[in-house]
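Visitor:
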Amino acid sequence: QVQLVESGGGLVQAGGSLRLSCAASGSMSSINSMGWFRQAPGKQRELVAIIHSSGRTNYADSVKGRFTISRDNAKNTVYLQMNRLQPEDTAVFYCAVSKGIVNIYYWGQGTQVTVSS
Numbered sequence: 010q011v012q013l014v015e016s017g018g019g020l021v022q023a024g025g026s027l028r029l030s031c032a033a034s035g036s037m038s039s040i041n042s043m044g045w046f047r048q049a050p051g052k053q054r055e056l057v058a059i060i061h062s063s064g065r066t067n068y069a070d071s072v073k074g075r076f077t078i079s080r081d082n083a084k085n086t087v088y089l090q091m092n093r094l095q096p097e098d099t100a101v102f103y104c105a106v107s108k109g110i111v112n113i114y115y116w117g118q119g120t121q122v123t124v125s126s
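Our numbering puts the sequence shown at residues 10 to 126.
What follows is the structure, encoded as structure tokens:
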């Protein structure tokens with residue numbers, strides 16, 4: 010089992026920045042990747058950014074050049090630096106960890122990000 014605790018969400022004006030943090034605890038062996046997803050009202054949950062155990066990263070096209078995912082292995086924490094935020098970035102952001110051969114996903118409770126115009 011993996012427990013995830015997110016922090017850093019909030020209300021920001023368009024063009025502003027936020028940094029999300031996700032601290033993981035529990036069984037941290039066989040972690041494949043850590044990432045961030047988001048879900049806006051009335052929309053499906055979507056991948057925002059992911060960092061693999063190799064260090065390779067992937068981003069949604071909509072956030073490339075604005076968001077940066079990073080990981081502190083010593084602290085078992087993954088971060089999402091979000092710059093030049095836009096109202097369309099408003100969503101609940103979820104941290105996720107995939108683990109093991111069958112790639113089981115563990116999820117955080119979510120943190121609200123609201124960007125005002």
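The beta carbon of each residue, even a glycine, is placed where N, CA and C say it ideally should be. A quick note: this is a predicted structure, and the numbers were derived from the prediction, not measured.
1. According to the neighbour-count rule (16 or more other Cβ atoms, all chains shown, within 10 Å of its Cβ), is ILE113 buried or exposed?
2. Between which two residues does the beta strand (DSSP E) carrying VAL87 extend?
3. In angstroms with no decimal places, state the Cα-to-Cα distance between ARG28 and VAL111.
4. Run the CB neighbour count on ALA83, radius 10 Å, all protein chains shown included, and call it buried at 16 or more, exposed below.
5. Hey, would you say VAL106 sits closer than 8 Å to VAL11, going by beta carbons?
6. Can you tell me whether ALA105 is helix, strand or coil according to DSSP?
7. Quick check on the DSSP output: the beta strand (DSSP E) that includes ALA58 runs from which residue to which?
Guide: Once the coordinates are examined:
1. Here residue 113 is taken as the residue at index 104 of the sequence shown, counted from 1. Here ILE113 is exposed: its Cβ has fewer than 16 other Cβ atoms, across all protein chains shown, within 10 Å.
2. What you label residue 87 is simply residue 78 of the sequence shown in a count that begins at 1. It spans 86 to 91 - the beta strand (DSSP E) in which VAL87 sits, taken as one unbroken run.
3. Walking along the sequence shown from the start, residue 28 turns up at place 19. Walking along the sequence shown from the start, residue 111 turns up at place 102. Distance from the CA of ARG28 to the CA of VAL111, rounded to the nearest whole angstrom, comes to 30 Å.
4. Against the sequence shown, residue 83 aligns to sequence position 74. Exposed, since its Cβ has fewer than 16 Cβ neighbours within 10 Å.
5. Working through the sequence shown from its first residue, we reach residue 106 at position 97. Working through the sequence shown from its first residue, we reach residue 11 at position 2. Result yes, Cβ atoms of VAL106 and VAL11 sit closer than 8 Å.
6. Within the sequence shown, the letter at position 96 stands for residue 105. If DSSP states are grouped into helix, strand and coil, ALA105 belongs with the strands.
7. Numbered from its first residue, the sequence shown carries residue 58 at position 49. ALA58 -> beta strand (DSSP E) spans 55 to 61.
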